[in-house]
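Right, one structure below, let's go through it.
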Ligand SMILES: *Cc1c(COP(=O)(O)O)cnc(C)c1O
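Numbering (UniProt numbering), first residue to last: 1 to 332.
Shown next, in the form of structure tokens:
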């Protein structure tokens, strides 16, 4: 499938957010401080996977659309929150590859970012089917399925989508080998539907890296998504993965902004990274805490949010006032 992606995505050091322990700390070294050392923060720029629309859905769609083509499908059926990045990416790249894209849309808390994504998805020609609850989604999906359609689950996280992040892990291993960055102790990534974290953990294991993956849960329950991620990693051939999950940064739930996320967003902005409240703000808050903890020498943040400009994707999009009432009701 020729998406014309932009690989390898760069890795960069973020010196302003790295940790330099104060000079006096070794003088007053006591047991509690022994593990306290300098920590370099690095970022894997998955925001620039594609010039039109980046983020972590590009590698997944590369694999998924190739299969849709191989099966001679006409339509892609997918599902996601009202402001889903996955739906937007599928609408854009799926249509570009010649498929009709249909999306069942689920309710989520209102945010400007989510509304923009929905309007952009509509501008890319997505056919949308809003449902009023998660419970109503399976039937709405089944109604759209057919022999001419390939189904892409939430977040694009099935076996094929996950393989896209095994590819990314291989790319990171190559960047370490070539000296572009040191081997990280821990790679921190958002845990939405789990495919990105699972693929990375499986890929690191395959490449013989010791890097642990920390998944920051943004959809409850964290343990359920963690189980899903372990299963996906197993499907990619790896049971023995270094993988941990935290639900400490979730706040009130999926799509609800948090104070720590807002603080992380402001700090990231100072280093040239733009975050969103649903996924990356919560993850970056975890990253800052890890760096601060003084327990790691090298932390890698995997930046999964597109940084491509939205204006071209919004050309011809309906205004918010022009949206059908059942679409507006998705955001509450
Ligand atoms: C979809 C998405 C994620 C979650 O990735 P999963 O593979 O579903 O866990 C993280 N960050 C952003 C910006 C996303 O759009």
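For every residue, glycine included, the Cβ atom is placed at its ideal position computed from N, Cα and C.
Looking at residue i: is its Cβ nearer than 8 Å to the Cβ of residue j?
{"i": "residue 201", "j": "residue 241", "result": "yes"}
{"i": "residue 41", "j": "residue 267", "result": "no"}
{"i": "residue 144", "j": "residue 77", "result": "yes"}
{"i": "residue 167", "j": "residue 75", "result": "no"}
{"i": "residue 246", "j": "residue 216", "result": "yes"}
{"i": "residue 330", "j": "residue 108", "result": "yes"}
{"i": "residue 156", "j": "residue 86", "result": "yes"}
{"i": "residue 104", "j": "residue 140", "result": "yes"}
{"i": "residue 122", "j": "residue 317", "result": "yes"}
{"i": "residue 339", "j": "residue 180", "result": "Residue 339 lies beyond the range of the chain shown here (1 to 332); nothing can be said about it."}
{"i": "residue 234", "j": "residue 249", "result": "no"}
{"i": "residue 130", "j": "residue 326", "result": "yes"}
{"i": "residue 232", "j": "residue 162", "result": "yes"}
Quick one: what's got a C-beta closer than 7 Å to residue i's C-beta in the same chain, skipping five residues either side?
{"i": "residue 164", "result": "59, 60, 62, 63 and 199"}
{"i": "residue 134", "result": "106"}
{"i": "residue 304", "result": "46, 55, 56, 189, 190, 196, 279 and 280"}
{"i": "residue 296", "result": "39, 185, 186 and 290"}
{"i": "residue 264", "result": "275, 281, 284, 285 and 288"}
{"i": "residue 252", "result": "none"}
{"i": "residue 170", "result": "203 and 207"}
{"i": "residue 333", "result": "This structure leaves residue 333 out entirely; the chain is present only between 1 and 332."}
I'd like the list of long-range same chain contacts for residue i, defined as Cβ closer than 8 Å, with 5 residues on each side in sequence excluded.
{"i": "residue 27", "result": "The pLDDT assigned to residue 27 is 46, lower than 50, so where the model puts this residue is not dependable; a value taken from the coordinates is nonetheless given after this. Correct list: empty, nothing qualifies."}
{"i": "residue 320", "result": "115, 119 and 328"}
{"i": "residue 6", "result": "48, 49, 50, 51 and 54"}
{"i": "residue 160", "result": "60, 63, 64 and 67"}
Can you tell me whether residue i is helix, strand or coil according to DSSP?
{"i": "residue 54", "result": "coil"}
{"i": "residue 108", "result": "strand"}
{"i": "residue 401", "result": "Residue numbering for the chain in the displayed model covers 1 to 332; residue 401 lies beyond these limits and cannot be assessed."}
{"i": "residue 40", "result": "strand"}
{"i": "residue 268", "result": "helix"}
{"i": "residue 303", "result": "coil"}
{"i": "residue 162", "result": "helix"}
{"i": "residue 172", "result": "helix"}
{"i": "residue 71", "result": "coil"}
{"i": "residue 219", "result": "coil"}
{"i": "residue 241", "result": "coil"}
{"i": "residue 128", "result": "strand"}
{"i": "residue 177", "result": "helix"}
{"i": "residue 80", "result": "strand"}
{"i": "residue 298", "result": "strand"}
{"i": "residue 211", "result": "coil"}
Would you please state the rounded distance, in angstroms, between the beta carbons of residue i and residue j? I believe it to be under 8 Å.
{"i": "residue 43", "j": "residue 273", "result": "7 Å"}
{"i": "residue 182", "j": "residue 256", "result": "Incorrect: roughly 35 Å between the Cβ atoms, too far for contact."}
{"i": "residue 14", "j": "residue 307", "result": "Not a contact, Cβ separation roughly 15 Å."}
Enumerate in chain order the residues of its own chain whose CB-to-CB distance from residue i is below 6 Å, with the five nearest sequence positions on each side excluded.
{"i": "residue 228", "result": "194"}
{"i": "residue 29", "result": "Caution applies to residue 29, whose pLDDT of 48 falls short of 50 and renders its modelled position unreliable; the value that the coordinates give is listed next. If we look at residue 29 and ignore the five residues flanking it on each side, it has no Cβ neighbours."}
{"i": "residue 92", "result": "53 and 124"}
{"i": "residue 132", "result": "none"}
{"i": "residue 8", "result": "171"}
{"i": "residue 128", "result": "103 and 105"}
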